[in-house]
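Enquirer: Have a look at this one before I ask anything.
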Amino acid sequence: MQDVARHAGVSRTAVSLVLNDRFDVTLASDTRERVMSSATELGYRPNAGARALAQQRSDWYGLVTEIVTAPFAVDVIKGAQDRAMTDDKYLLIASTESDPAAETTAIERLLEQRVEGLIYAATWHRGVSVPDIASEVPTVLVNCFDRDGRFPSVVPDERAGGYRATARLLRAGHRRIGFINLDPGIPAAIGRRQGYLAALADAGIPADEQWQVTGHATADSGFAAAEVLLDLADPPSAIFCANDRMAMGAYDAIKERGLRIPDDIAVIGFDNQELIAGYLRPALTTVALPFEQMGARGVDILAAITAGEPTVTKRVTVDCPLLERSSV
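The sequence shown lines up with residues 195 to 522 when you count with my numbering.
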């Protein structure tokens, strides 16, 4: 800064005021221009660590997730970073590699960098226990919720997504709609089944237990579950699969019977795993999990809290859109 002051012919105090964006002190516009020009010419770069220490703020948010390279995690990061940059904020990202013992260490390291807040993101929707040290700064959970109710969270609207998938099959004229669900007890399985049942009820169609089969989130389990449905005396004319991997298995079971999709039987998935949904033949109509939108909404809430606005304590849900392809 002394070099910039000498080059610009101004005081070091003037340089400090300009480079720290202090507009509460009057400086001539040509002084500000000379300082900025000199800083650029000399290649001056502020010491972010020193600035953060002095101002007790860093313009950084921390983001903790399990596997940073997972496709869904990448989407959350993109949504969060894009939204943060609109406020001139940036993300510091820490991956725990699904090691619970690494979570506290990861958060400690981010706090050492004076992050202004934390995004704690999960790769699948569930309840979590967040390390206590996260409460030292504003913290928002994404794609998960705090079992202890301490932090606000942003999660997908599983029920609305299940309703939307079933309603799409109803609009296509189907009345015998099978459902291959995830393992019971997890939020996605509960919400998606609630949506399925609500859509049937609104259409005046009784929910037949024999049309509801539990899978285990894999293609093999989707294949086995679809075979159960297809072996019924009155098999469904459409199948709603609670994830795309099970839909992929259901495709194989259907084709092995010599049936055509969607002419003989329609299929809808959930998650929008693009390497599956976009490349099945026919391409799979599916409900998308809104990872980018959840990341962005998490930063919205975090920005509001760090700005001193009232803390959001309720769970925020984000809509799951239907992506039309060719399987209905």
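Cβ coordinates follow ideal geometry from the N, Cα and C atoms, glycine included.
(1) Let me check understanding here. Comparing Cα to Cα, which of 462, 453, 470 lies closest to residue 439?
(2) Using three-state DSSP, classify residue 463 as helix, strand or coil.
(3) To test your reading of the DSSP string, which unbroken alpha helix (DSSP H) runs of 4 or more residues are found completely within the stretch 432–501?
(4) Could you tell me if residue 214 is buried or exposed, where buried requires 16 or more neighbouring beta carbons within 10 angstroms of its beta carbon?
(5) Ordered along the chain, which non-local residues of its own chain (more than five positions away) have a Cβ less than 8 angstroms from that of residue 272?
(6) If we count the other Cβ atoms within 10 Å of its Cβ and call it buried at 16 or more, is residue 200 buried or exposed?
(7) Is it buried or exposed for residue 427, if we count other Cβ within 10 angstroms and need 16 for buried?
(8) Please classify residue 277: does DSSP put it in a helix, a strand, or coil?
(9) Quickly, what does DSSP pair residue 333 with across the bridge? List them, please.
(10) Which of the three DSSP states, helix, strand or coil, is assigned to residue 399?
(11) Grab me the residues of residue 410's own chain with a C-beta within less than 7 angstroms of its C-beta, minus the 5 sequence neighbours each way, in chain order.
(12) For residue 504 and residue 444, what's the separation of their Cα atoms in angstroms?
(13) Closest to residue 259 by CA distance: which of 293, 346, 316 is it?
(14) Could you name the residues of the same chain whose beta carbon sits closer than 7 angstroms to that of residue 447, not counting the 5 residues immediately before and after it, in chain order?
(15) Out of curiosity, what's the CA-to-CA distance linking residue 387 and residue 306?
(16) Compute the beta-carbon to beta-carbon distance between residue 331 and residue 510, rounded to the nearest angstrom, for a pair I have assumed lies under 8 angstroms.
(17) What residue from 196, 337, 222 has the CA that sits closest to residue 322's CA?
(18) Return the bridge partner residues of residue 373 from the DSSP annotation.
(19) State buried or exposed for residue 415, treating a residue as buried only when at least 16 other CB atoms are found within 10 Å of its CB.
(20) Grab the span of the alpha helix (DSSP H) containing residue 234 for me, first residue to last.
(21) Could you round the C-beta distance between residue 515 and residue 482 to whole angstroms and report it? I think they count as a contact, below 8 angstroms.
(22) Report yes if the CB atom of residue 373 is closer than 8 angstroms to the CB atom of residue 357, and no otherwise.
Expert: Looking at the atomic coordinates:
(1) Translated into positions along the sequence shown, residue 439 becomes position 245. Minimum Cα distance to residue 439 is reached at 470.
(2) Taking the first residue of the sequence shown as 1, we reach residue 463 at position 269. In the structure shown, residue 463 sits in a strand (DSSP, three-state: E or B).
(3) 438–450, 468–471, 485–500
(4) As a working note, residue 214 is residue 20 in the sequence shown. Residue 214 comes out exposed.
(5) Counting from one through the sequence shown, the residue named residue 272 turns up at place 78. If we look at residue 272 and ignore the five residues flanking it on each side, its Cβ neighbours are 486, 489.
(6) Working through the sequence shown from its first residue, we reach residue 200 at position 6. Looking at its Cβ environment, which holds fewer than 16 other Cβ atoms inside 10 Å, residue 200 is exposed.
(7) Reading the sequence shown from its first residue, position 233 is the one you call residue 427. Exposed is the call here.
(8) One-based indexing of the sequence shown puts residue 277 at position 83. DSSP places residue 277 in helix when its eight states are reduced to three.
(9) Stepping through the sequence shown from its first residue, residue 333 is reached at position 139. 312.
(10) Residue 399 sits at position 205 when you count from the first residue of the sequence shown. Reduced to three states, the DSSP call for residue 399 is coil.
(11) In the sequence shown, residue 410 corresponds to position 216, counting from 1. 377, listed in sequence order.
(12) Your numbering for residue 504 matches position 310 in the sequence shown. Your numbering for residue 444 matches position 250 in the sequence shown. Approximately 47 angstroms between the Cα atoms of the pair.
(13) Stepping through the sequence shown from its first residue, residue 259 is reached at position 65. For the residues 293, 346, 316, the minimum Cα distance to residue 259 belongs to 316.
(14) The residue you call residue 447 lines up with position 253 of the sequence shown. Excluding positions up to five away in sequence, the list reads 417, 420, 421, 424.
(15) Counting from one through the sequence shown, the residue named residue 387 turns up at place 193. Counting from one through the sequence shown, the residue named residue 306 turns up at place 112. So the two alpha carbons sit approximately 43 angstroms from each other.
(16) As a first step, residue 331 is located in the sequence shown; it is residue number 137 there, counting from the start. As a first step, residue 510 is located in the sequence shown; it is residue number 316 there, counting from the start. About 19 angstroms separates the two Cβ atoms, so there is no contact after all.
(17) Residue 322 sits at position 128 when you count from the first residue of the sequence shown. Answer by Cα proximity: 337.
(18) In the sequence shown, counting from the first residue as 1, residue 373 sits at position 179. According to DSSP, residue 373 bridges with 406, 434.
(19) Reading the sequence shown from its first residue, position 221 is the one you call residue 415. Its Cβ being crowded by 16 or more others within 10 Å, residue 415 is buried.
(20) On the sequence shown, residue 234 is found 40 positions in, with the first residue counted as 1. From DSSP, the alpha helix (DSSP H) with residue 234 extends over 223–236.
(21) Mapped onto the sequence shown, residue 515 falls at position 321. Mapped onto the sequence shown, residue 482 falls at position 288. With a Cβ gap of about 5 angstroms, residue 515 and residue 482 count as contacting.
(22) Counting from 1 along the sequence shown, the entry for residue 373 is found at position 179. Counting from 1 along the sequence shown, the entry for residue 357 is found at position 163. Against a cut-off of 8 angstroms, the Cβ pair of residue 357 and residue 373 comes out as no contact.
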